[in-house]
Amino acid sequence: MTELIVSLDVDEKESAEKLVEMLGESVDYYKIGAVLLMASGMDIVKSLEKQGKKIFFDLKFFDIPNTVEHAVYHACRMRPFFLTVHVSGGPAMLKAAIAGRNKSGVQTRIIGVTILTSFNQQDIELLGFKRNIESYIERLATLAFESGIDGIVCSARDLEFLRKKFPENFLMVCPGIRPGISLDDQKRVASVRQAARAGADYIVVGRPILESKNPLAIVQQIKEEIKENETQQKNS
Ligand code: C5P
């Protein structure tokens, strides 16, 4: 079953709280990242936890292993459900992230970002990588799996080949979901149906919900599309 994570990329704690209140029981998972944390500090994490929401802490750590181990330890003490690191930090950094999580005693799932969904082939070539983007993503996903982290962030477009390669319990979290036609700065996008059909465990949706005049209606539509896909798969 694909679960929806709403990305709280808003500039004020009050706007985040208002949205969470409006979405009520219909959303269990919220992603908190650099935008909201820099704008409002840690209070929002405590406030969501009190309401029984599950937190996806999108901090995308990428540093030397020692720094990441300590940062992950402190982040996990806030009891997030997920925490992100960049897989390109390498196996030593990924193992340090696991060590930091284990030291905290909290069961936070460590999720590794492969290639940002705002990157396409041209963008990785600009960084000097000559490989084709899919093979680079596959390499990073393998590194993540072999290092023992709990899953990856990838585009839903990558799921077709990634799902075949890794066991079902290796979590696949997909941002870059566009229920409508606007892409914003995302390049490797997929619709809700495509992501659910391809086996995303979680989809992350921000602006299509945040910028809508009726965020609850968009959430309901997304959940309906996920449910329809499930029914189709059961019947096929
Ligand atoms: O507004 P939108 O739906 O594009 O938001 C996607 C969210 O997912 C943003 O918070 C972005 O930082 C995050 N993200 C992403 N691509 C990744 C990892 C995280 O878009 N590979």
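Note that my numbering has the sequence shown beginning at 1124, numbered continuously upward. From the three backbone atoms N, C-alpha and C, an ideal C-beta is built for every residue, glycine too.
Whole-angstrom distance between residue j and residue i, CA atom to CA atom
| i | j | result |
| --- | --- | --- |
| Arg1262 | Val1342 | 34 Å |
| Ile1300 | Gln1317 | 9 Å |
| Glu1353 | Met1124 | 7 Å |
| Ser1211 | Pro1302 | 29 Å |
| Glu1140 | Val1158 | 15 Å |
| Val1168 | Phe1204 | 11 Å |
| Arg1224 | Leu1285 | 25 Å |
| Ile1256 | His1193 | 32 Å |
| Arg1202 | Gln1230 | 8 Å |
| Gln1355 | Glu1348 | 11 Å |
| Lys1120 | Ser1258 | Residue 1120 lies beyond the residue range present for the chain, which begins at 1124 and ends at 1359; the question has no answer from this structure. |
| Ile1247 | Arg1254 | 9 Å |
| Asp1186 | His1197 | 15 Å |
| Ile1155 | Leu1131 | 6 Å |
| Leu1249 | Ile1260 | 16 Å |
| Cys1297 | Thr1237 | 11 Å |
| Arg1311 | Leu1239 | 9 Å |
| Leu1142 | Glu1135 | 11 Å |
| Asn1243 | Lys1183 | 19 Å |
Residue i: CB within 7 Å of a non-hydrogen atom of the ligand C5P
| i | result |
| --- | --- |
| Leu1285 | no |
| Thr1240 | yes |
| Asp1281 | no |
| Pro1338 | no |
| Ile1300 | yes |
| Pro1331 | yes |
| Val1327 | yes |
| Ser1130 | yes |
| Asp1246 | no |
| Gln1317 | no |
DSSP beta-bridge partners of residue i
| i | result |
| --- | --- |
| Lys1363 | Absent from the structure is residue 1363, since the part of the chain shown begins at 1124 and ends at 1359. |
| Tyr1325 | Glu1126 and Val1296 |
| Ala1318 | Per DSSP, none; premise fails for Ala1318. |
| Ala1313 | Ile1300 |
> Which ranges would you report for the alpha helix (DSSP H) in the segment 1264-1303 if only whole runs of at least 4 residues count?
Replying inline: 1282-1288
>> Extract the residue ranges of the alpha helix (DSSP H) inside the segment 1159-1235, only unbroken runs of 4 or more that lie entirely within it.
In response: 1166-1173, 1188-1199 and 1214-1227
> In chain order, which alpha helix (DSSP H) runs of at least 4 residues are fully inside the segment 1327-1357?
Replying inline: 1330-1333
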